[in-house]
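In what follows, a structure is listed as structure tokens, so that the remarks can point back to it.
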Amino acid sequence: DAGITQSPRYKITETGRQVTLMCHQTWSHSYMFWYRQDLGHGLRLIYYSAAADITDKGEVPDGYVVSRSKTENFPLTLESATRSQTSVYFCASSESAVAGLQETQYFGPGTRLLVL
Amino acid sequence: TQLLEQSPQFLSIQEGENLTVYCNSSSVFSSLQWYRQEPGEGPVLLVTVVTGGEVKKLKRLTFQFGDARKDSSLHITAAQPGDTGLYLCYNNNDMRFGAGTRLTVKP
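What follows is the structure in structure tokens.
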């Protein structure tokens, strides 16, 4: 199916474990984004990518690693999960993100992560 | 960094009532987007406003961009339970969302 998908949808892990959240889009959009959503904070940008092999930090990058070897995939890795990383994670894509172009971001359904 | 303040944080109303939610900034937006997020789903774009004083309508939703481009409002007429959700404003200059207004419309 076309669109943007995330996996897993739900994940429970323990403190100190490595976790990878997957994101896949079928539109060949240049830009992809990872956000986390916590009560009272709205969505906060973790990392984004303008193209394959180009990534950049967002507002809250500490404790996360990303890669983008292919245009359609943008995995997010928590190298050593902490309880403060319990959150809902959203992946998004857009054709562009250049300020002023007002591109639409298309969001995946989210991954709910619980770190015990 | 351009902080976005949304108000109110929570709003609970009865079906048929009107409401307005706000998004304000300490500095000028080049443009602003409004998204709606329904429970358990990702946000979906409602509208983009670009020009100061601009008004856009989407069925029962009216979006206004302030003349000075430092604020925006979303007005819903005759709210319905299907309008329930989190309304978020977004500034793509620095890729930031506001914290959102969580709207509940009771039947």
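For the record, the sequence lines run as chains F and G. By the numbering used here, the letter at position 113 of the first sequence is numbered 113, and the numbering carries on one by one without gaps. By the numbering used here, the letter at position 23 of the second sequence is numbered 139, and the numbering carries on one by one without gaps. By construction, the Cβ of each residue, glycine as well, lies at the ideal position given by its N, Cα and C atoms.
Neighbourhood of residue i by C-beta distance below 8 Å, restricted to the same chain and skipping five residues each side
i	result
F/V60	R36, R44, L45, I46
F/R9	P109, G110, T111, R112
G/L135	L127, I129, H191, I192, A195, L219
Span separating the alpha-carbon of residue i from that of residue j
i	j	result
F/Y64	F/L76	7 Å
G/H191	G/L202	14 Å
G/N207	G/F145	7 Å
F/G16	F/R83	9 Å
F/L21	G/Y151	24 Å
F/W27	F/N73	11 Å
G/S123	G/F181	15 Å
F/D56	G/V171	34 Å
Residue burial classification, residue i (beta-carbon count within 10 angstroms, cutoff 16)
i	result
F/L116	exposed
G/G169	exposed
G/T167	exposed
G/A184	exposed
F/Q18	exposed
G/P223	exposed
Distance between beta carbons of residue j and residue i, contact taken as under 8 Å
i	j	result
G/D187	G/S142	That belief does not hold up - the Cβ atoms of G/D187 and G/S142 are roughly 10 Å apart, past 8 Å.
Own chain residues within Cβ distance below 7 Å of residue i, not counting five before or after
i	result
G/V221	I129, E131, A195, Q196, P197, D199, T200
G/E133	A195
G/E121	N140, G214
F/K70	A52
Assigned secondary structure, residue i (DSSP; H/G/I helix, E/B strand, else coil)
i	result
G/D183	coil
F/R17	coil
F/R68	coil
F/Q85	helix
F/D38	strand
G/G198	helix
F/R9	coil
F/H24	strand
G/H191	strand
Same chain, Cβ closer than 6 Å to residue i, five either side skipped, listed in chain order
i	result
F/S93	I4, Q25, H29, M32, Y106
F/V88	Q37, G110, R112
G/V137	L190, Y203, T217
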